[in-house]
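Report on the structure given below.
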Amino acid sequence: MVSALRRRAGSVARFVLLVFLVTVATFLLLELIPGSPIDALLPQDATPEQIAAAREQYGLDQPIWARYLTWISSVLQGDFGRSYQTGLSVAEQIAERAPVSLELAFLAVFVALAISIPVGVWSAYRPGGLIDRVSTFVISATLATPAFVLGILLVYVFAVQMKILPLLGWTPFSEDPVEHIQRLVLPVLTLAAGECVLFTRLLKGDMMATLQQDHVLSARARGLPTWRILLRHALRQSSFSLVTVSGVVIGRLIGGTVLVEAIFSLPGMGTLVINAIHSRDYLIVQAVVLLTAVLYLLINTLVDLTYPLLDPRVRKVRTS
Amino acid sequence: MTETVRERVDAAPAPQRPTASPEREPAQKKRRKRRDIGAAFGAVWIGLVVLGAITADWLPLRDPNEVTDVFAGPPSGEFLFGTDAIGRDVLSRIVFGARISMAVAIGATSIAMIIGVALGMCAGYFRGKVDAVLSLIVNFVLAFPPLIFLIALVTALEPGLLTLVVALALIGVPNFARVARANTIAFADREFVTAAKALGARPLRILTRELLVNVMLPVMSLALVVMATLVVAEGSLSFLGVGVPPPAPSWGGMLAAGRESLSEHPLLVLIPALFFFLTVFSFNRLGDWARGRVGRESSI
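Quick mapping for you: the protein sequence lines, in order, are chains A and B. Going by my numbering, the first sequence runs without a break in its numbering and finishes at 320. Going by my numbering, the second sequence runs without a break in its numbering and finishes at 1300.
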């Protein structure tokens, strides 16, 4: 028990330390960028006095640690500054875009689970059978297809050739729910494909081990129907790892939607970052990097902490 | 480096093979044969791509940036893969683009391997404080979603091939560090290490002469997998327009440009897509094969 508590305290301490390091690094990110941000702001022939005035206005004359403290305290209040270029609030811009990325990420995990659970369970039950062989083939093909390639191919097949889905772009749910879903199909499938591979492999491996266990044998001996053995006796036990991995995957997808948004021209955080890089709007890049990293760390730490709570077997092994 | 759930995920939970029993033998042999064929295909393809990348300057190709007056032309005798929207030869852009993919695959992976193995072996051999500090560094890199980490890095540094290779190498370091550390720990208690210690060998000698050879085997098979991921990562960055700046040819850049005219000229997308697929597929097959050869006793 004590060691379990210590492990948890260790996870939390590591989380705090890493968050601190992440904030320092994202702060330094702007310092590393060649050229001062005010260069872009001032006219070419600005006098030294004008430059000094601008530096003072933006607090650039302070020592670096003081600027870090000012910056981190405003970030903690949810203020990521205003874009040097457009003058718009960075936090507002992100709040406007984040729902698109989050919707994509959650739907992708949901779809990936909906596909991989039946496939994984059946290939574990009948290894070497038709479903197993087909899924193994599809998995190795998907593994070799980068998301941006898969996305474009899906667009080509379903939107250009078959014309059953809209090409690119975005319709908000409030405007037209049906079109909203139509436009989501391909991006979500693209995102889900990679995670399907992970889930299916994991579940199949786990289930094959579970199906060898005594309680499954005894269930079969009692004459329970196959579906009941698979779902109630085997899947239930194997699902713990699936739950925790889903958490990790959601965290990963929050950063991973960047590509899919670029492929399908969706107005999420990813396109916001890419546009910001091209227009040298580095405050937005900084804010998105910081937010995704902290969110990613948070999810991973939560998964680390809840894993032993979900699965008593791990709890036992870990504490002994 | 305490094992986190993410590492468990990254460790590619391959389906556990059933334990070998007499009646399973033929199936296993068949599987091994299939793996050998896949690896042979992979080796040939990667060999061709590397050869093309090295000899691109001497091959009878047009300059990849030379603009001809055939816009988005179909494949023909003169342009084997056709021309792109502004009249550049697709074949020569593919061949020169292979340079970037291979520079990343081989260059970045090698750098990542050297740094990662050094860090991982020190962490695994000295344990204690060294381990704690090194694992903090590794966890710091892992704290960012990979693509976001790369985007941040390429924003901060001058765009170019060198930046790309360095940034991608950094992404690869944690993988190598983890495997090197795990295998160092596994071998550090073995008799030959104890014997070397008893003979008065210093840590540096033990690490380089006794442990390195044993650690390198699983590390090399990991390297093939990392190459595949880094080729994809470079492609993603180029696709997003933050990789090697245009007009330098890269497969990801070609895909992004071809996307604009997908309905009229699908070949401009399908050709680089096929090259991506075959290259990543080849690295995966080679990695699978190497993992099978290294065996299950060492953890990858």
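Every residue, glycine too, gets a C-beta built ideally from N, C-alpha and C. Because the structure is a prediction, the values reported are computed rather than measured.
- Shown here for ARG183(A): same chain residues with a beta carbon closer than 7 Å to its own, the five before and five after excluded, namely PRO166, GLY169, TRP170, THR171 in chain order.
- Under the 9 Å criterion on CB atoms, ILE1171(B) is classed as non-interfacial with respect to chain A.
- Boundaries of the alpha helix (DSSP H) around GLU49(A): 48-57.
- Residues of chain A with a Cβ closer than 8 Å to the Cβ of GLY1052(B) do not exist, since the nearest Cβ in that chain sits about 19 Å away.
- Under the three-state reduction of DSSP output, SER238(A) falls in the helix class.
- Distances from the alpha-carbon of ALA1167(B) to those of PHE1071(B), ALA1105(B), TRP1045(B) put ALA1105(B) closest.
- The alpha-carbon separation between VAL1165(B) and PRO1159(B) amounts to approximately 11 Å.
- Around the Cβ of PHE1281(B), a 10 Å sphere holds 16 or more other Cβ atoms; the residue is buried.
- GLU179(A): member of the alpha helix (DSSP H) spanning 177-211, first to last residue.
- The C-beta of THR145(A) comes closer than 9 Å to at least one C-beta of chain B.
- Against chain A, the beta carbon of ASN1139(B) has neighbours under 8 Å at ARG14, LEU18, listed in chain order.
- For TYR282(A), the C-beta contacts it makes with chain B under 8 Å involve THR1155, in order along the chain.
- With a threshold of 9 Å between beta carbons, ILE274(A) makes contact with chain B.
- For VAL22(A), the closest C-alpha among the options LEU302(A), LEU298(A), LEU309(A), ALA293(A) is that of ALA293(A).
- Look at the beta carbons and you see the region 1134-1154 of chain B not touching the region 1090-1102 of chain B: under three pairs across the two are nearer than 8 Å.
- Counting the other CB atoms within 10 Å of its CB gives VAL248(A) a total of 16 or more, which places it among the buried residues.
- Chain A has a Cβ within less than 9 Å of the Cβ of ILE1151(B).
- The beta carbon of VAL155(A) sits closer than 8 Å to those of LEU167, LEU168, LEU186, ILE263, PHE264, all from its chain and outside the five residues before and after it, given in chain order.
- A distance of 9 Å or more separates the beta carbons of VAL160(A) and LEU1267(B).
- With respect to chain B, the C-beta atom of GLY268(A) has no partner C-beta closer than 9 Å.
- Approximately 16 Å separates the beta-carbon atoms of VAL1138(B) and VAL1215(B); this is outside 8 Å, ruling out the contact.
- The region 1270-1285 of chain B makes contact with the region 1245-1261 of chain B, as at least three CB pairs between them are under 8 Å.
- Taking 9 Å as the CB threshold, THR292(A) lines the interface with chain B.
- Annotation for PHE1126(B): the continuous alpha helix (DSSP H) segment containing it runs 1109-1126.
- Among the residues of the region 1086-1120 of chain B, none has a Cβ less than 8 Å away from any Cβ of chain A.
- As DSSP reads the structure, THR1083(B) sits in a beta bridge with ASP1089(B).
- DSSP, reduced to helix, strand and coil, places ARG6(A) within a helical segment of the structure shown.
- Within the region 1124-1151 of chain B, the runs of alpha helix (DSSP H) that reach at least 4 residues and sit entirely inside it are, in chain order, 1128-1142.
- Here the alpha carbon of GLN77(A) sits roughly 11 Å from the alpha carbon of ALA91(A).
- Taking a C-beta cut-off of 9 Å against chain A, the contacting residues of the region 1252-1271 of chain B are GLY1252, LEU1255, ALA1256, GLY1258, ARG1259, LEU1262, SER1263, PRO1266, VAL1269, LEU1270, listed in chain order.
- Within 8 Å of the CB of PHE1041(B), no CB atom of chain A is found; the nearest one sits about 12 Å away.
- Taking 9 Å as the CB threshold, LEU235(A) stays off the interface with chain B.
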